[in-house]
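Peer 1: Quick one: the structure is below, questions incoming.
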Amino acid sequence: MYLSHPSKLLPVFPNPTTTSRRRSCSSSISAVSVNHNVTRLDKSEKSFTISQETKERITKIFNKVQLSKSSYDTAWVAMVPSLDSSLLPYFPECLNWILENQHPDGSWGLTQQHPLLLKDTLSSTLACMLALKRWNIGEDHVNKALHFITSKFASATDEKQRSPIGFDIIFPGMIEYAQEMGINFHLGPTGLNSMLYKRDMELHRISTSNSEGTKLYRAYVAEGFGKSQDWEELMKYQRKNGSLFNSPSTTAVAAAHLQDPNCFKYLNSILEEFGNAVPTTYPLDIYTQLCMVDSLERLGISPHFKKEIGNVLDKTYNSWLTRDEEIFLDVSTSSMAFRILRVHGYDVSSDALAQFDEEGFSNTLGGYLRDAGAVLEVYRASQIVLPDEVFLEKQKTWSSAFLKNELSKVAMHADRMYEWISNEVDMALTYPYKPNLPRVEHRRTVEHYNFDNLRILKSSYRPLGIDNKDLLHLAMEDFNLCQLMYQNEFKELERWVKENRIDKLKFARQKQVYTLFSSAATLFPPELSDARLSWAKFSILTTVIDDCYDLGGSREELINLNEVFDKWDGVTADDFISEPVEILYNAYKNTINDLAQKAFKYQHRDISKHLVQICVEMIKSMWIEAEWMEHNIVPSLDEYNTNGYVSFALGPIVLTTLYFVGPKLSEEVVKSSEYHELFRLMSTICRNLNDLRTVQKELSEGTINGVSILMIHDPDVKTEEDSMNKIKEAVDICEKELIKLVLQRKDSVVPRACKELFWNMIRINNLFYASIDGYTSETQMMNEVKAVMRIPLTRPDLVEG
1 MYLSHPSKLL
11 PVFPNPTTTS
21 RRRSCSSSIS
31 AVSVNHNVTR
41 LDKSEKSFTI
51 SQETKERITK
61 IFNKVQLSKS
71 SYDTAWVAMV
81 PSLDSSLLPY
91 FPECLNWILE
101 NQHPDGSWGL
111 TQQHPLLLKD
121 TLSSTLACML
131 ALKRWNIGED
141 HVNKALHFIT
151 SKFASATDEK
161 QRSPIGFDII
171 FPGMIEYAQE
181 MGINFHLGPT
191 GLNSMLYKRD
201 MELHRISTSN
211 SEGTKLYRAY
221 VAEGFGKSQD
231 WEELMKYQRK
241 NGSLFNSPST
251 TAVAAAHLQD
261 PNCFKYLNSI
271 LEEFGNAVPT
281 TYPLDIYTQL
291 CMVDSLERLG
301 ISPHFKKEIG
311 NVLDKTYNSW
321 LTRDEEIFLD
331 VSTSSMAFRI
341 LRVHGYDVSS
351 DALAQFDEEG
361 FSNTLGGYLR
371 DAGAVLEVYR
381 ASQIVLPDEV
391 FLEKQKTWSS
401 AFLKNELSKV
411 AMHADRMYEW
421 ISNEVDMALT
431 YPYKPNLPRV
441 EHRRTVEHYN
451 FDNLRILKSS
461 YRPLGIDNKD
471 LLHLAMEDFN
481 LCQLMYQNEF
491 KELERWVKEN
501 RIDKLKFARQ
511 KQVYTLFSSA
521 ATLFPPELSD
531 ARLSWAKFSI
541 LTTVIDDCYD
551 LGGSREELIN
561 LNEVFDKWDG
571 VTADDFISEP
581 VEILYNAYKN
591 TINDLAQKAF
601 KYQHRDISKH
611 LVQICVEMIK
621 SMWIEAEWME
631 HNIVPSLDEY
641 NTNGYVSFAL
651 GPIVLTTLYF
661 VGPKLSEEVV
671 KSSEYHELFR
681 LMSTICRNLN
691 DLRTVQKELS
701 EGTINGVSIL
711 MIHDPDVKTE
721 EDSMNKIKEA
731 VDICEKELIK
741 LVLQRKDSVV
751 PRACKELFWN
761 MIRINNLFYA
771 SIDGYTSETQ
781 MMNEVKAVMR
791 IPLTRPDLVE
801 G
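As structure tokens, then:
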């Protein structure tokens, strides 16, 4: 029935102490919602200051979304003829840019290109060469480009090279267009025929499918079809901004063939924004800024940019409310916007994702391409589920199956390189949302962080400034400085244990490192030191009480313990019948008095009576369970849960810590039904998660457990498996109710920073009970503990400066 810890663990710090078996031991504050009214670091802790210069450079990234310019797309825009004369270019400035941006080897494309993106370079170079040849300028440039293409042509059919979207259709089409212009590549028949054969097979496959996804793909790569393209059909996909798919190249070929004024309006707007060249996709502001927010949160440095993140989310929410095409016509953007907005408490309906069920996704461009990056965002979004959102559960089922299948292949399609997207997918599947503790995720993200962030559509591009080294440097600096704080807090925790003689209780397990890990992994910002220590101290105290009831206390001592707690004030040495009872009472009283005094600077009122009440109620509920055991009483499941959510001993840990996370909590809030329901749901869930993992142990010991109680009292439950499934269903329902309470803003009286403690307690329990009883295992959690508490974070591949 109770959580249990091993008596032996690999050492993380000298003389580790204990945590409670009766309850989980963690909670979290979302990085962005940390209240900055909390006390900052003392002047004596100036060494924990983060580089202001780095923060300022990152802040500037929010001011303007920057995209790299695309030689490929600029070339297609340059090929658009003037409306007055087909012999003149409509956008001569693009031709000038092409002339000025050829690389010394004769190619065009991004600088510092990935070695597996030669197809992209070939495509960009051929497009630029066609643009110059189309207007009979830059003969030297054309000759140099011709030499480059001829020398690298074998890469066009190399299966190891990464293909931009539509390459097998567009590139052969451009070769034929070049030949019509009189360009002779002097290519051997083998390579050329192989490429054309592959193109013909692709065209045949497209012609035999009438799916919407196929139609979208054919429209998106329109420049590869030339005269065979149905241009009127293509215009069905024109967006409100005049573009086709937000793609300058697709829009340019449509403008050239149809002289559509809205296409020209779109192209002119891009050149006004970017000068004399265009990116490969535009606009991309919402997606790019959401990626920035996502990166900051995953790296653990979002508390440094609360204002900037708030501005991005407010802007995104306004776009969501107006059903902006930039969000709703893109699977990745809509899924990411939904997830991030919902997690931050914005009222967004999951109905927006209903179009991306398995069948709906297949009818998108991403579905045709089997875009793992888009499905990854669907999978992430599907994990933030409220009550009655059954279809989100279905989204999670099909998206996870899709990703697992793609991960088993040699390659998968996405707008990132295979090694990067495969790592992202693997991490997302291995570490789902609920059991993923923030500080553990931060370290993992830093260790696997790709600061290049190259993306590939029809040509490669980089969202400039998003995943840059500044983010990585700041994340590492923040993590390591906070880790030093946690180590100092551990020393303080050890002193507290000795001062209160808790180490003299021979029956009590003493593993302080677990208690501080659970708080540091979730209450990670430096300004939450008081909250972390409050959490850790009461984790230890509830452990010792738990051990007293389970292992070390006689019946007389338990009665005495109840008496002195019930009396509380006026207790003297004569009231104790043994030293352990005296130590326990004084440890609780000293800690409550100390924490109440510290909480005064946050709350500006005395909270000691409430802390006493929480602890007394816990002791009484534990006594009820002890009475059940002594008299062989099997309570009903309702009786068990009603008492158990208090006896699980989360009250002293979580409810006390609420006073240290920043917001003021009035007595009215503490007495509110919302506050009580948050606590009830959290504790019931954690109690049941514990019961599911400890049922075998407790059956063997003859102790009561929710699983065994259900088997006795429920006539519909025939087996242990039936009982466990029923409890899992109940846990799932309660978790959805809890996250709904945590996220809702309307009619909520409990501050968001406080509500998140309840939800993140669920996350730590889901982590510890993911496969086995993580508290009892001698090794299960030690890697995570060391990663957060002891081992400095490094990236050997990151060159300073």
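Just so we're aligned: 758 in UniProt numbering is position 758 of the sequence shown, and the numbers increase by one with no gaps anywhere.
For each residue, glycine too, the CB sits at the ideal point set by N, CA and C.
With Ile685 and Val646 assumed to form a contact (beta carbons below 8 Å), what rounded beta-carbon distance in angstroms separates them?
Peer 2: Not quite, the Cβ-Cβ distance comes to about 14 Å (not below 8 Å), so this is no contact.
Peer 1: Taking Cβ to Cβ, would you say Phe225 is nearer than 8 Å to Tyr237?
Peer 2: no
Peer 1: Runs of 4 residues minimum, wholly inside the region 688 to 716: which ones carry the alpha helix (DSSP H) assignment?
Peer 2: Counting only runs of 4 or more, we get 706 to 713.
Peer 1: Quick one: residues in its chain with C-beta nearer than 6 Å to the C-beta of Glu358, no 5 flanking neighbours on either side, listed in chain order?
Peer 2: Trp398
Peer 1: Determine the contact status of Met412 and Tyr418, defining contact as a CB-CB distance below 8 Å.
Peer 2: yes
Peer 1: Expressed to the nearest angstrom, what Euclidean distance is found between the alpha-carbon atoms of Pro303 and Asp478?
Peer 2: 11 Å
Peer 1: Rounding to the nearest angstrom, what Cα-Cα distance links Leu126 and Pro164 in this structure?
Peer 2: Approximately 14 Å between the Cα atoms of the pair.
Peer 1: Between the C-alpha atoms of Phe660 and Ser334, what's the straight-line distance to the nearest angstrom?
Peer 2: 36 Å
Peer 1: Check Pro796 in the structure and name its three-state DSSP category.
Peer 2: coil
Peer 1: Compute the distance between the beta-carbons of Thr251 and Cys263, then report whether it is under 8 Å.
Peer 2: In contact: Thr251 and Cys263 (Cβ atoms closer than 8 Å).
Peer 1: At 4 residues or longer, and completely inside the region 526 to 583: list those alpha helix (DSSP H) runs for me, N to C.
Peer 2: Within the region 526 to 583, the complete alpha helix (DSSP H) runs of at least 4 residues fall at 529 to 547, 555 to 567.
Peer 1: Measuring CA to CA, which of Asp105, Phe62, Glu100, Thr121 is closest to Tyr461?
Peer 2: Thr121
Peer 1: Which residue's Cα is closest to the Cα of Ala508: Pro81, Leu541, Leu484?
Peer 2: Of the candidates Pro81, Leu541, Leu484, the one whose C-alpha sits nearest the C-alpha of Ala508 is Leu541.
Peer 1: Can you name the residues that DSSP bridges to His413?
Peer 2: Asp371
Peer 1: Candidates Asn725, Thr657, Asp691, Val670: which alpha carbon is nearest Leu757's?
Peer 2: Nearest neighbour of Leu757 by Cα position, chosen from Asn725, Thr657, Asp691, Val670, turns out to be Thr657.
Peer 1: Per DSSP, what kind of secondary structure is residue 806 in: helix, strand or coil?
Peer 2: For residue 806 there is no data in the structure shown, the boundaries of the chain being 1 and 801.
Peer 1: By the three-class DSSP mapping on this structure, what secondary structure does Ser608 have?
Peer 2: helix
Peer 1: Mind checking who Arg199 pairs with in its DSSP beta bridge?
Peer 2: According to DSSP, Arg199 bridges with nothing at all.
Peer 1: In the DSSP output, which residue or residues are listed as bridge partners for Ser460?
Peer 2: DSSP, once it has assigned bridges, lists Ile456 as partnering Ser460.
Peer 1: Excluding the 5 residues flanking Lys265 on each side, which residues of the same chain have their C-beta closer than 7 Å to its C-beta?
Peer 2: Gly242
Peer 1: To the nearest angstrom, report how far apart Asn35 and Gln229 are at their CA atoms.
Peer 2: Confidence at Asn35 is low in this model, with a pLDDT of 40, below 50, so the placement of that residue should be treated as unreliable; the coordinate-derived value is given next. Distance between the alpha carbons of Asn35 and Gln229 is about 57 Å.
Peer 1: How many Å lie between Ile502 and Ile592 at the Cα?
Peer 2: Approximately 15 Å between the Cα atoms of the pair.
Peer 1: Would you call the region 439 to 457 and the region 292 to 299 in contact, with 3 or more CB pairs under 8 Å?
Peer 2: yes
Peer 1: Starting from Pro81, follow its DSSP beta bridges and name the residues at the other end.
Peer 2: Pro89
Peer 1: DSSP on Gln238, reduced to helix/strand/coil?
Peer 2: In this structure, Gln238 counts as strand in the three-state DSSP scheme.
Peer 1: Could you check which residue in Asp470, Ile614, Ser408, Ile577 has the C-alpha nearest to that of Phe538?
Peer 2: Ile614
Peer 1: For Gly173, report the span of its alpha helix (DSSP H) as first-last.
Peer 2: According to the DSSP assignment, Gly173 belongs to the alpha helix (DSSP H) that extends over 167 to 180.
Peer 1: Whether or not the region 596 to 608 and the region 569 to 586 are in contact is what I'm after, with contact meaning three or more pairs of Cβ atoms, one per stretch, closer than 8 Å; do they touch?
Peer 2: no
Peer 1: In whole angstroms, give me the CA-to-CA distance for Asp324 and Lys458.
Peer 2: 23 Å
Peer 1: Over the uninterrupted alpha helix (DSSP H) stretch that includes Pro438, give me the two end residues.
Peer 2: 438 to 448
Peer 1: Whose C-alpha, out of Ile545, Tyr433, Phe524, is nearest the C-alpha of Ala475?
Peer 2: Ranked by how close their Cα comes to the Cα of Ala475, the residues Ile545, Tyr433, Phe524 have Phe524 in first place.
Peer 1: Just tell me which of Asp371, Leu216, Ser249, Leu192 has its CA closest to the CA of Ser422.
Peer 2: Asp371
Peer 1: Alpha carbon to alpha carbon, how far is Glu139 from Ile149? Give it in angstroms, no decimals.
Peer 2: 15 Å
Peer 1: Taking Arg532 as the reference, which of Phe565, Leu505, Thr572, Gln487 has the closest Cα?
Peer 2: Gln487
Peer 1: For Gln66, which three-state DSSP category applies?
Peer 2: When DSSP states are grouped into helix, strand and coil, Gln66 belongs to the strand group.
Peer 1: Among the candidates Lys64, Tyr217, Val695, whose CA atom is the shortest distance from the CA of Glu273?
Peer 2: Lys64
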